[in-house]
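Here is the structure we will look at.
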Amino acid sequence: MPDPYDLIVIGSGPGGYVAAIRAAQLGLKTAVVEREHLGGICLNWGCIPTKALLRSADVYRLAQHAEEFGVSAPSPSFDMAKIVARSREVSGKLNAGVGFLMKKNKIDVIFGEARISRPGEIVVEATKKPAVTPQAPIPKGALGPGAYQARNIILATGARPRVLPGMEPEGRLIWTYFEALKPDRTPKSLLVVGAGAIGVEFASFYRAFGVEVTLVEALPRILPVEDAEIAALARKSFEKQGIAVLTATKVSAVEKRADSIVATLTGADGAARQIEAERLLSAAGVVANVEGLGLEALGVNIERGVIATDGLGRTNVAGVFAIGDVAGGPMLAHKAEHEGVICVEAIAGKKPHPLDKSLIPGCTYAHPQIASVGFTEEKAKEAGFELKIGRFPLRANGKAIALGEPEGLIKTIFDAKTGRLLGAHLIGAEATELIQGFVIAMNLETTEEELMHSVFPHPTLSEAMHESVLDAFGRAMHI
């Protein structure tokens, strides 16, 4: 048996590979186990390829409005096969990049499926062929099946699409996001079940290419984790684009036909209706990959389907840690990466600060983009804060008008007593890039006075952030 590692990370998604790199930086002998793709779901079948697809949608959307910018682009068309191929090429480059980082940092890659056989030991078996995604080539120099010892083990196994009863995906008529990323053709109609970030992004993508999209959400509104005012603006924009949005509606039955499905939809009043669509995308969230890891035999606590950890990634079993989606929400790649760094630094004897989940930004890359951090207005009121709220519409921002993207809103929420920034909520052009300014401000405990006295460049979209802060205190200049 090889000499023990200081650390073995099971899973090479954003959390796993970043944890491994940080461990190597700190001088720990490190290995990472991967059963399918270096970079995990996010890089290969999630965050990155969806953004590549959505970029194609943006380009096509702009081409359709080229005349408004004085540019001649008559009759723009698209090739879905080429759009998909580009997204796969983007993911392939980043997959290779993770392999390079492993080699650069002298991290061993063990290819296969791992389980913890006993404290301090894992057994790796040959990967079973994935049911949905093709297996990536095994990296050159990767180690294979066998038993490996480690003083510490981090579980970073991620999550998979949630399967709803009666909507079990079979890859042709009923999709998960895997199939939605690589359609064999553009369907004429699509029923999207679930209006969280995943569902909304795919609804936006397919609608951009002329697909008749119906978006169904069981809860009273779409984007349920977002501020209600922002979610309402998003719904208005999606409906303006031609997306049919049905909230407080459940899919009670699905009938498969030769090349379509017929779904029975039941509203809050109990009334039922039927809708036919060529394809159904189930986007009702994800579930953590906790099975087959040997956790039950070890006695690792699993609560509500995820591994229970403290703020530093420690489980109740010494030497076993968990980060990322498998350790619970918010199930976001950047949360996993930060958890990985904190966890490794704690293992190495450093004294990192536990992750403050209230300061993790969330982003939805639809058209329009949506981004947020901190308290929503509703949650801030529930917490007992007296609020000052600022709002600034992008239609009053020069850069947004010049871009041809005047729809949107910047909303800021402050504690009226202390001036503390409690939350920020954005919808509109480049919202997913702008949000980080508010994240930094909240991490630094910046007050409203400091934000108001900061100089924002002109002409930029970020000026709308400044104006929103000013508006919260009755000082907005341009509305």
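2 is the number of the first residue of the sequence shown in the numbering used here; add one for each residue after it.
By construction, the Cβ of each residue, glycine as well, lies at the ideal position given by its N, Cα and C atoms.
On a predicted model such as this, the values are computed, not experimentally measured, just so you know.
With DSSP run on the structure shown, which of helix, strand or coil describes residue i?
| i | result |
| --- | --- |
| Glu171 | coil |
| Arg119 | strand |
| Lys251 | strand |
| Ala278 | strand |
| Ile308 | strand |
| Asn444 | helix |
| Glu218 | coil |
| Lys107 | coil |
| Gln437 | helix |
| Pro162 | strand |
| Leu191 | strand |
| Tyr366 | coil |
| Asp185 | coil |
| His426 | strand |
| Thr51 | helix |
| Ile343 | helix |
| Pro140 | coil |
| Pro77 | coil |
| Arg152 | strand |
| Leu44 | helix |
| Leu404 | helix |
| Leu39 | coil |
| Ser373 | strand |
Express the C-alpha separation of residue j and residue i in angstroms, rounding to a whole number.
| i | j | result |
| --- | --- | --- |
| Gly399 | Pro460 | 6 Å |
| Ala284 | His454 | 43 Å |
| Ser373 | Gly147 | 45 Å |
| Val528 | Phe79 | Because residue 528 is not part of the residues shown, which for the chain are 2 to 480, the question remains open. |
| Met103 | Gly312 | 26 Å |
| Leu395 | Pro458 | 16 Å |
| Ser1 | Gln65 | Beyond the ends of the chain as shown, which are 2 and 480, falls residue 1; an answer cannot be given. |
| Gly159 | Glu37 | 12 Å |
| Asp260 | Tyr18 | 41 Å |
| Gly200 | Gly71 | 34 Å |
| Pro225 | Ala196 | 8 Å |
| Asp4 | Val318 | 22 Å |
| Asp416 | Ala82 | 50 Å |
| Val33 | Lys141 | 14 Å |
| Ala403 | Leu462 | 10 Å |
| Asn169 | Val214 | One detail in the question is off: residue 169 reads as Glu in this sequence, not Asn. Taking the straight line from one Cα to the other gives about 20 Å. |
| Glu408 | Lys52 | 21 Å |
| Pro77 | Ala204 | 21 Å |
| Arg476 | Thr310 | 44 Å |
| Ala97 | Ile111 | 16 Å |
| Ile390 | Glu378 | 8 Å |
| Gly113 | Lys241 | 47 Å |
| Leu144 | Glu446 | 46 Å |
Would residue i and residue j qualify as a contact pair, given that the criterion is a beta-carbon distance under 7 Å?
| i | j | result |
| --- | --- | --- |
| Gly524 | Ser13 | In the structure displayed, the chain extends from 2 to 480; residue 524 sits before or after that span and is not available. |
| Ile324 | Ala337 | yes |
| Ile343 | Pro353 | yes |
| Ala127 | Val345 | no |
| Leu54 | Phe206 | yes |
| Leu427 | Ile414 | no |
| Ala198 | Ala58 | no |
| Asp326 | Ala381 | no |
| Ala21 | Glu202 | no |
| Val301 | Ala328 | no |
| Pro120 | Gly320 | yes |
| Ala397 | His479 | yes |
| Val287 | Arg163 | yes |
| Leu8 | Asn153 | yes |
Give me, in chain order, the residues of the same chain whose beta-carbon lies closer than 7 Å to that of residue i; leave out the 5 immediate sequence neighbours on both sides.
| i | result |
| --- | --- |
| Pro280 | It is worth fixing the name first, because residue 280 is Arg in this sequence and not Pro. For Arg280, where only same-chain residues beyond five positions count, the Cβ hits under 7 Å are Leu174, Trp176, Pro188, Leu191. |
| Ser359 | Gly375 |
| Ala334 | Pro15, Cys43, Cys48 |
Excluding five sequence neighbours on each side, which residues of the same chain lie with their C-beta closer than 6 Å to the C-beta of residue i?
| i | result |
| --- | --- |
| Phe393 | Ile411, Ala465, Glu468, Ser469, Asp472 |
| Glu406 | Ala430 |
| Glu256 | Val263 |
| Glu180 | Gly172 |
| Ala115 | Ile11, Val34, Ile123, Val125 |
Sorted by chain position, which residues of the same chain lie with C-beta nearer than 8 Å to residue i's C-beta, five sequence neighbours on each side aside?
| i | result |
| --- | --- |
| Pro50 | Ser88, Arg89, Val91, Ser92, Leu182 |
| Gln26 | Asn106 |
| Glu122 | Ala148, Tyr149, Gln150, Ala151 |
| Ala249 | Glu218, Ala219, Leu220, Pro221, Gly268, Ala269 |
| Thr448 | Thr419, Gly420, Arg421, Leu422 |
| Leu266 | Val217, Leu247, Thr250, Lys251, Val252, Ser253, Ala273, Arg274, Gln275, Ile276 |
| Leu452 | Leu422, Ala442, His467, Val470 |
Quick check: the segment 286 to 301 against the segment 213 to 225, are at least 3 beta-carbon pairs closer than 8 Å?
Short answer: they don't touch.
Counting pairs of beta carbons, one from the segment 359 to 373 and one from the segment 433 to 447, are three or more of them closer than 8 Å?
Three or more beta-carbon pairs drawn from the segment 359 to 373 and the segment 433 to 447 are found closer than 8 Å, and the two stretches are therefore classed as touching.
At least 3 beta-carbon pairs within less than 8 Å: the segment 228 to 247 vs the segment 300 to 314:
Three or more Cβ pairs closer than 8 Å define a contact, and the segment 228 to 247 falls short of that threshold against the segment 300 to 314.
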